[in-house]
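Peer 1: Those protein sequences? They're chains A and B, same order as listed.
Just so you know, we're using the numbering used here here: the first sequence kicks off at 1 and counts up by one.
Just so you know, we're using the numbering used here here: the second sequence kicks off at 1001 and counts up by one.
Supplied in structure tokens, the structure appears directly below.
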Amino acid sequence: MQTTRPPHLKALEAESIHILREVVAQADRPVILYSIGKDSSVLLHLARKAFFPARVPFPLLHIDTTWKFRDMISFRDATAKRYGLDLRVHTNPDGLRQNINPFDHGSNIYTQVMKTDALKQALTEGRYDVAIGGARRDEERSRAKERVFSVRGPGHSWDPKRQRPELWHLYNGNLAPGETLRVFPLSNWTELDVWTYILAESIDVVPLYFAAPRPTVERDGLVIVVDDDRMRFKPGERPVSRVVRFRSLGCYPLSAAVESEAADLNEIVAEMRNTRVSERAGRLIDQDQDASMERKKREGYF
Amino acid sequence: MPDSLLRVLACGSVDDGKSTLIGRLLFECGTIPDDVMLALERDSKRFGTVAGGIDYALLVDGLSAERDQGITIDVAYRFFETPRRRFILADAPGHEQYTRNMVTGASGSDLAVLLVDARKGLLPQTRRHAAIASLLGIRQLVLAVNKMDLVAFGQDVFNKIVADFYRLSGKLGPLQVTAIPVCARDGDNVTSPSTRMPWYSGTTLLTALESAEPTSHAAERTFRMPIQLVARPDHAFRGYAGTVATGVIRPGAAVMNAVSGTEARVARIVTMDGDLDEAAPADAITLVLDREIDVSRGDVLAVAPPPPLADQVTAWVVWMDETPLFRGRAYLFMLGSRSVVGTITDIANRLDVNTLTEEPVRELGLNEIGRVTISLAQRVACERYSVSRELGGFILIDRLTRGTVGAGMITDLRAGAGDIYWHRLDVDKRARSALMGQKPAVLWFTGLSASGKSTIANLVEKRLHAQGRHTMSLDGDNVRHGLNRDLGFSEADRVENIRRVAEVSRLFVDAGLIVLVSFISPYRAERMLARDCVEDSEFLEIFVDTPVEECRRRDPKGLYARADAGQIRNFTGVDAPYEEPLDPEIRLPTLEAPPEVLAERVVDELMRRGIVG
């Protein structure tokens, strides 16, 4: 169902389009970091708008940890095909060789090797000077402090004390040797904005966001969906069918589902308006320690 | 669903309770999820400053250094909405050392909430924030007098602070002020009226935010749109993409490229959602014109009368870098989608934000605000900041670190044509140098005092002269006896010293000469400025590379000894830095070869480059 776009979404959309155009005007080798989630879907939609009628003028980079939901991978490939996008997929070959996985190595090491290190490898190998991401400032406290054009030093590190002043809509994309940029066009969007916009614009998202009966197990109070036969069960544990959906998608053993009946976009937006739980509550990797996002970002996590 | 978007700046002195107020506002608007609330309760016990209670400040101070130190360092952006309005709130730090972050937050805001501690009244930081908010064009301000519980909710305390503030705001230009007494910790007058201050009958903070009208007059002004990029997917389509800065545009309207003056009509306003009948400020669009005119990134499409084309602007500049701003320094000047080289030609005054008076200065330090004149290498279509934030606000970018080091708001501009313009001369540089059988060049010898610059330059000139070449020498010491005798050795004077010498070198190059300049010229930025004065192939940076220990040992004029004794200040290599060239055309290591051999190397290089035949 198509609804009209509220004025504040129109303002956010225009700001994001402006940012994406600045990237392409200033960068030598920009790339979109495509994570297949709802934010990436919105980002891609905005990129198509920003350069219309020309094609999206940068490739999509997906860091494949090999532990993504199967639905995500098929959605990714279908999306790339549908819009004629230049999709590039990278997996950390060292991690693959050592069979780094979330069960044996824990979420910390697994994330470092298969996500952070993999991303750094791909950005360095691709010689990308600007990586565009779908992160939003409302997601987490340290993100709330980050600039739209965020400079990374050598080794892709983030120094929150040395951020460039960023005034008006003037984005400084100039880089010193060894520096790269992360750009976040959705900085000023909230999770609710994202869903309201997806509804208003009829944007396709991975079906995992919609409630459906799925095989699940409960771990430390979180509901984990069993996506394939690599799932490790505890003695006596058996998958139970629950009607669940995802608010945030990542690697399947690390992303918790929420019990929900919201089976379409209207129901999701209605649910969002009444929720009392944060989006990242289902992300196991953010709860490892205090300020874990800031620490990961300093080390080069997106 | 909200029907508008308001950008709000929250500012005020340290410890006046800003983060607490914002945390409270977010909490009462239901923006804080339960699991975040649980984490907040946990953090409050560990880091909190509110005994036994919830410290809402921890909700917004996101960096670990901020939580450890209990202060806000960087601007944070918060989002909340009410049924009426969606808000973007920039939470700005109070400390003077983070003024640049405060300015970042203020630049995009429609309204400022200025916090004051009822016990302390207006503090220097309060005045500074009010001044900066006003300078950045914020015309609506909510004065939130906080911690009313600690002054027994006294009406007279509140009234006195409000009266003090009106005295201050009278000097700030037009400002619409709403004063509200609050207790952020308990929520009084934040979202619901306080029962503890029956004497106050005004609005709550949230109501004030909901009912404020965005003050932009952008739509009423003439149409201007800086072009970000040209969309050319195929031969049939050519569109100019950008965000409308001011005015409204419709198909059929006559527009012009403000930079070149060429005219056309708007054929279509293209978006992926279909063509538009009309576009307004802040809309991101693509314009198709009815004929091909030359338009590229950095140009401004405008409806007549077009914006002025300035080659010189005067602006309030907020300086944001540890290295001070000097006259003579050159930066990248970024305005709209345009980037050009801008040279600081004058720093007239510094604004004392405490007294709101101006005082004459020669340089601007970190977080200082001054009235600065900048000369632009190319003409730029721009407006006064009071007319357009988008075409009147600019940033300055350091050409070496590439960082943003300053922000400016144009108060005055001078259009190039009509004032001073270049006479086109029939006999030019090429003609003059051809007659001499050489190509003009600047040989810029840089290095420490006593490194051997003048010795080698002298030998080079003798050889060139013997070959029948036309040369001229500029020596640091000699020039200071005449042209530059009004200058001392402070960093600002050194910059001006180099600027003048670079300009003189340019004139000699125009005369067709090979110019030998022997100057310590310790800063990379100034040497870059000198390089920019002439064509790239005409400039050779020659690094006379002698270690400082060797220079001290030689010390023919006894200068190092005097600098060590404190008799000379700002002496390069002793108490002032020397920035070595990173990529000089020629490097002359004086410990490895005698001056005669090194001079020969320079002459060989000139031959290799075809400067001398």
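Glycine included, C-beta positions come from ideal geometry on N, C-alpha and C.
No experiment lies behind these values; they were computed from the predicted model shown.
1) For the 8 Å Cβ check, are there 3 or more pairs between the segment 1090-1105 of chain B and the segment 1208-1221 of chain B?
2) DSSP puts Trp1444(B) in a beta bridge; with which residues?
3) Starting from the beta carbon of Asp1283(B), find every residue of chain A whose beta carbon is closer than 9 Å, and list them in chain order.
4) Report, in whole angstroms, the separation of the C-beta atoms of Gly173(A) and Gln26(A), which I expect to be a contact under 8 Å.
5) Straight-line CA distance for Asp1074(B) to Pro1307(B)?
6) Note down, in chain order, all residues in the segment 160-174 of chain A with a beta-carbon under 8 Å from any beta-carbon belonging to chain B.
7) What number of angstroms, rounded off, separates the C-alpha of Arg1100(B) from the C-alpha of Val1405(B)?
8) If I measure Cβ to Cβ from Leu192(A) and keep anything under 8 Å in the same chain, skipping five residues before and after, which residues do I get?
9) Between Glu237(A) and Ala80(A), what straight-line distance do the alpha-carbon atoms span, to the nearest angstrom?
10) Give me the residue from Glu1461(B), Ile1369(B), Leu1143(B) and Leu1559(B) with the minimum Cα distance to Leu1175(B).
11) Assign Gln1097(B) to buried or exposed, taking buried as 16 or more other Cβ atoms, counted over all protein chains shown, within 10 Å of its Cβ.
12) DSSP state of Cys1533(B), grouped into three classes?
13) Between the Cα of Arg1232(B) and the Cα atoms of Ala1253(B), Val1259(B), Val1288(B) and Asp1188(B), which residue gives the shortest distance?
14) Please compile the residues from chain B whose C-beta is within a distance smaller than 7 Å of the C-beta of Arg152(A).
15) Identify the contact partners of Glu1390(B) in chain D, using a Cβ-Cβ distance below 8 Å as the criterion.
16) Check distances from the C-beta atoms of the segment 1261-1278 of chain B to those of chain A and list, in chain order, the residues that come in under 9 Å.
17) Since I believe Ala1282(B) is in contact with Ala14(A) (beta carbons under 8 Å), could you give me their beta-carbon distance rounded to a whole number of angstroms?
18) In whole angstroms, what is the alpha-carbon distance linking Leu1229(B) and Asp1510(B)?
19) What residues from the segment 1329-1356 of chain B come within 9 Å of chain A, judged by C-beta to C-beta, listed N to C?
20) When you compare only the Cα positions, how much space is there between Ile1293(B) and Val1313(B)?
21) Residues of chain B with CB under 9 Å from Lys49(A), in chain order?
22) Taking contact to mean 3 or more Cβ pairs, one atom from each stretch, closer than 8 Å, check whether the segment 1442-1458 of chain B and the segment 1513-1525 of chain B are in contact.
23) Going along chain B in order, which residues have a C-beta closer than 8 Å to the C-beta of Arg55(A)?
24) May I have the straight-line CA-CA distance separating Glu1496(B) from His90(A), to the nearest angstrom?
25) Does Gly1613(B) come within less than 7 Å of chain A when only Cβ atoms are used?
26) Determine the extent of the beta strand (DSSP E) in which Thr180(A) is found, giving its start and end residues.
27) Starting from the C-beta of Trp1422(B), find all residues in its chain whose C-beta is less than 8 Å away, skip the five residues before and the five after it, and write them out in chain order.
28) Does the beta-carbon distance from Tyr1331(B) to Ile1410(B) come in below 7 Å?
29) Would you say Asp1110(B) faces chain A, with C-beta separation under 7 Å as the test?
30) With a cut-off of 7 Å, does the C-beta of Arg232(A) fall near any C-beta of chain B?
31) In whole angstroms, give me the CA-to-CA distance for Phe370(A) and Val223(A).
32) In its own chain, which residues sit with a C-beta less than 7 Å from the C-beta of Pro57(A), not counting the 5 before and 5 after it?
33) Rounded to the nearest angstrom, how far is the Cβ of Met72(A) from that of Gly95(A), given a contact under 8 Å?
34) Is Val1602(B) helix, strand or coil by DSSP?
35) Counting contacts by CB-CB distance shorter than 7 Å, is Val1581(B) in contact with chain A?
36) Roughly how many angstroms separate the alpha carbons of Leu1025(B) and Ala1253(B), rounded to a whole number?
Peer 2: Per the coordinate set shown:
1) No: the two stretches stay apart, fewer than three of their Cβ pairs being nearer than 8 Å.
2) Locating residue 1444(B) in the second sequence gives position 444, counting from the first residue. Trp1444(B) pairs with Val1517(B) and Glu1541(B).
3) Against the second sequence, residue 1283(B) aligns to sequence position 283. Within 9 Å Cβ-Cβ: Lys10 and Ala14.
4) Here residue 173(A) refers to the residue found at position 173 of the first sequence. Here residue 26(A) refers to the residue found at position 26 of the first sequence. The pair is a contact, with the Cβ atoms about 3 Å apart (cut-off 8 Å).
5) Within the second sequence, residue 1074(B) is the residue found at index 74, counting from 1. Within the second sequence, residue 1307(B) is the residue found at index 307, counting from 1. Going by the C-alpha atoms only, they are around 35 Å apart.
6) Pro160, Lys161, Gln163, Arg164, Pro165, Glu166, Leu167, Trp168, His169, Leu170, Asn172 and Asn174
7) Here the question's residue 1100(B) lines up with position 100 in the second sequence. Here the question's residue 1405(B) lines up with position 405 in the second sequence. Going from the Cα of Arg1100(B) to the Cα of Val1405(B) covers about 9 Å.
8) In the first sequence, counting from the first residue as 1, residue 192(A) sits at position 192. For Leu192(A), where only same-chain residues beyond five positions count, the Cβ hits under 8 Å are Val269, Met272 and Arg273.
9) One-based indexing of the first sequence puts residue 237(A) at position 237. One-based indexing of the first sequence puts residue 80(A) at position 80. Looking at the two C-alpha atoms, the distance is approximately 38 Å.
10) As a first step, residue 1175(B) is located in the second sequence; it is residue number 175 there, counting from the start. Nearest C-alpha to Leu1175(B): Leu1143(B).
11) In the second sequence, counting from the first residue as 1, residue 1097(B) sits at position 97. Its Cβ having fewer than 16 others within 10 Å, Gln1097(B) is exposed.
12) Locating residue 1533(B) in the second sequence gives position 533, where the first residue counts as 1. Note: Cys1533(B) maps to helix in three-state DSSP.
13) The residue given as residue 1232(B) occupies position 232 in the second sequence. Of Ala1253(B), Val1259(B), Val1288(B) and Asp1188(B), the residue nearest in Cα terms is Val1288(B).
14) Residue 152(A) sits at position 152 when you count from the first residue of the first sequence. Under the 7 Å cutoff, chain B gives no residues; its nearest Cβ is about 13 Å from Arg152(A).
15) Absent from the structure is chain D; the protein chains it does hold are A and B.
16) Result list: Val1270, Thr1271, Met1272 and Asp1273.
17) Here residue 14(A) refers to the residue found at position 14 of the first sequence. Here residue 1282(B) refers to the residue found at position 282 of the second sequence. With a Cβ gap of about 6 Å, Ala14(A) and Ala1282(B) count as contacting.
18) On the second sequence, position 229 is the one that residue 1229(B) refers to. On the second sequence, position 510 is the one that residue 1510(B) refers to. Answer to the nearest angstrom: the Cα atoms are 36 Å apart.
19) Leu1332, Met1334, Leu1335, Gly1336, Ser1337 and Ser1339
20) Taking the second sequence and counting its residues from 1, the one referred to as residue 1293(B) is at position 293. Taking the second sequence and counting its residues from 1, the one referred to as residue 1313(B) is at position 313. Rounded to the nearest angstrom, the two C-alpha atoms are 28 Å apart.
21) Position 49 of the first sequence, counting from 1, holds the residue named residue 49(A). The answer, in chain order, is Thr1271, Met1272, Asp1273 and Ala1284.
22) yes
23) Here residue 55(A) corresponds to residue number 55 of the first sequence, with the count starting at 1. By Cβ distance, chain B contributes Pro1233.
24) For the purposes of this step, residue 1496(B) is taken as residue 496 along the second sequence, with counting starting at 1. For the purposes of this step, residue 90(A) is taken as residue 90 along the first sequence, with counting starting at 1. Taking the CA atoms as reference points, Glu1496(B) sits about 52 Å from His90(A).
25) As a first step, residue 1613(B) is located in the second sequence; it is residue number 613 there, counting from the start. No, because no Cβ of chain A sits closer than 7 Å to the Cβ of Gly1613(B).
26) For the purposes of this step, residue 180(A) is taken as the residue at position 180 of the first sequence. Its beta strand (DSSP E) spans residues Thr180 to Val183.
27) Taking the first residue of the second sequence as position 1, residue 1422(B) is located at position 422. Note that Trp1422(B) has pLDDT 43, beneath the 50 cutoff, so the model's placement of it is unreliable and the number below is only indicative. Taken in chain order, the list of residues that qualify is empty.
28) Translated into positions along the second sequence, residue 1331(B) becomes position 331. Translated into positions along the second sequence, residue 1410(B) becomes position 410. No. Outside cutoff.
29) For the purposes of this step, residue 1110(B) is identified with residue 110 of the second sequence, where counting begins at 1. Chain A contact via Cβ: absent.
30) As a working mapping, residue 232(A) is identified with position 232 in the first sequence. With 7 Å as the cut-off, Arg232(A) does not count as an interface residue toward chain B.
31) This structure gives no information on residue 370(A), because the portion of chain A shown stretches from 1 to 302.
32) Residue numbering aside, residue 57(A) sits at position 57 when the first sequence is read from its first letter. Contacts found: Val24 and Phe51.
33) For this step, residue 72(A) is matched to residue 72 along the first sequence. For this step, residue 95(A) is matched to residue 95 along the first sequence. Rounded, the Cβ-Cβ distance is 19 Å, inconsistent with contact.
34) Indexing the second sequence from 1 puts residue 1602(B) at position 602. Helix.
35) Taking the second sequence and counting its residues from 1, the one referred to as residue 1581(B) is at position 581. Contrary to the premise, residue 1581(B) reads as Pro rather than Val in this sequence. No, Pro1581(B) does not count as interfacial toward chain A.
36) Position 25 of the second sequence, counted from the start, is the residue given in the question as residue 1025(B). Position 253 of the second sequence, counted from the start, is the residue given in the question as residue 1253(B). Approximately 46 Å between the Cα atoms of the pair.
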